[in-house]
Amino acid sequence: MKPKVVAYKKIPKEIEEFIAETCEITFCGNLNDENRADFLEKIQEAAGLIGSGLKVDKELLDQMPALKIVSNMSVGYDNLDVQELTKRHILATNTPDVLNETTADTIFGLLLATARRFPELHNYVKDGRWKEIIGEDLFGVDVHHKVLGIIGMGRIGTVIAKRAHLGFGMEILYHNRSRHQEAEHQYGATYCSLDELLQKSDFVCLMTPLTPHTEHLIGEREFRLMKKTAIFINGSRGKTVNEQDLVRALENREILAAGLDVFQKEPIDPDHPLLKLENVVLLPHVGSATYETRFAMAKLAAENLVKGLQGEHPPSLINPEVLGK
Ligand code: 8YV
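If you want it as structure tokens, here you go:
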């Protein structure tokens, strides 16, 4: 009897076929309010769950008595109650590393676009408003050789530092739970306190995972410490910043601009104050959103799922203690 698996996010056909070799896979569509009842019915006998973003907590787990593994198609796993999963001896896996380069491309691209106001200038041309040589009112700011402060020098932060230092001659400051030798030796990164990073950086790039320690890590106090010419970039999770304080800082010009790929609520409400501001560049959480990288993430998530259900050690296990490791 093949173990039952529910996929609540679309996965490539090839990957679905790989899973179907050893599992009975049910695809319930990208989970939303409309298909939630159908999803809750399908998960009753599921031994495996694969997707990204679904809140997997006590309430859901009580409805999944047969669950053996939750496979996140994302590197972030703040949607999983890992403590509860471990207590119930349920494996939890994610997809680290396969998305580092692509996400770093996205975040550094967002930094460049925000600094040089590319979306605003694109619309200026597209709307037929380009009538004369561009004046100071549409100038951006330089990125090369400026100071980039990275909060969260992890796998992706390090690759951002590589682009910034080797490609753009930027000086790198970083704040992290621990020192990062590779970033220091390869990219000249300097470890410093959060306050010092905020005061000295021309660009502040938030790349931490979302944890109880990092929730609202950046708020009014932190924005006031930043330079008035600073640009804030968030590539972590929306809840690592106090969004109301960010809007206020942007409205009051306490910082120059912000580039955001993540938001407190996703999709963001159409009437959200951020959407009314000029000094922002907003992306719909597309850090890893390329054909190649999403395929690699789905492939790794599927390998985690299949190996976990076969009693083997999944390639990227979040809670190895479940296997007694
Ligand atoms: C994912 C991300 O694309 O991997 C993560 O943690 O935030 C993104 O790379 C997204 O969460 C999957 O839908």
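So the number in this note's numbering is just where the residue sits in the sequence shown, counting from 1, plus 17.
Note that the Cβ used here is the ideal one computed from N, Cα and C, for glycine as well.
The secondary-structure analysis by DSSP pairs residue 21 across a beta bridge with 41.
Residue 94 sits in coil when the DSSP states are folded into three classes, being neither helix nor strand. Residue pairing by DSSP puts residue 249 in a beta bridge opposite 221, 275. Taking a contact as a CB-CB distance under 8 Å, the pair residue 277 and residue 297 counts as one, their CB atoms being some 7 Å apart. Sorted by position in the chain, 69, 91, 92, 93, 304, 305 make up the residues whose C-beta lies under 5 Å from a heavy atom of the ligand 8YV. The alpha carbon of residue 321 has as its nearest neighbour, out of 101, 190, 90, 275, the alpha carbon of 90. When the Cα atoms are used, residue 341 and residue 116 turn out to be separated by approximately 28 Å. The beta carbons of residue 335 and residue 111 sit closer together than 9 Å. For a cut-off of 8 Å, the C-beta gap from residue 214 to residue 190 is around 5 Å, short enough to register as a contact. Leaving aside the five residues that flank residue 86 on each side, the residues in its chain whose CB is nearer than 8 Å to its CB run, in chain order, 64, 65, 66, 107, 108, 109, 110, 321, 322, 325, 326, 331. In the three-state scheme derived from DSSP, where H, G and I count as helix and E and B as strand, residue 66 is classed as strand. Taken atom to atom, the span from the alpha-carbon of residue 258 to that of residue 238 is near 11 Å. Here residue 282 is near residue 255, since their CB atoms are less than 9 Å apart. Distance from the Cα of residue 315 is smallest, within the candidate group 114, 212, 299, 230, for 114. Cβ contact annotation for residue 134 (same chain, cutoff 7 Å, sequence separation greater than five): 155, 157, in chain order. The shortest C-alpha to C-alpha distance from residue 206 to any of 329, 311, 187, 244 is the one to 187. Using a 10 angstroms sphere on the CB of residue 251, the tally of other CB atoms reaches 16 or more, which defines it as buried. In the DSSP assignment, residue 139 falls within the unbroken alpha helix (DSSP H) covering 135–143. Assignment of residue 182 by DSSP, reduced to helix, strand and coil, places it in the helix class. By the criterion of a C-beta distance shorter than 6 Å, residue 196 is surrounded in its chain by 208, once the five residues flanking it on both sides are discounted.
One thing to note: residue 193 has its Cβ no nearer than 9 Å to the Cβ of residue 173.
Per DSSP, reduced to three states, the secondary structure at residue 232 is coil, with no helix or strand assignment. Residue range 86–89 is occupied by the beta strand (DSSP E) that includes residue 89. In this structure residue 166 is buried. Its beta-carbon is surrounded by 16 or more other beta-carbon atoms within 10 angstroms.
Between residue 200 and residue 170, the gap from beta carbon to beta carbon is short of 9 Å. Per the DSSP secondary-structure output, residue 334 pairs in a beta bridge with 110. Each residue's CA atom was taken as its position, placing residue 58 and residue 75 some 17 Å apart. Cβ neighbours of residue 264 within its own chain (closer than 7 Å, five residues either side excluded): 290, 291.
If you check the CB distance, residue 61 and residue 81 come in under 9 Å. Counting C-beta atoms within 10 angstroms of its own C-beta, residue 308 has fewer than 16 neighbours from the protein chains shown and is therefore classed as exposed. In chain order, 223, 224, 225 place their CB closer than 6 Å to the CB of residue 253, counting only its own chain and leaving out the 5 sequence neighbours on each side. Residue 161 and residue 125 do not touch by the CB rule: their CB atoms are close to 12 Å apart, not below 8 Å. Taking all protein chains in view, the Cβ of residue 183 is surrounded by fewer than 16 other Cβ atoms within 10 Å, so the residue is classified as exposed. Per DSSP, the continuous alpha helix (DSSP H) segment holding residue 325 begins and ends at 308–326.
The beta carbons of residue 43 and residue 73 sit no closer together than 9 Å.
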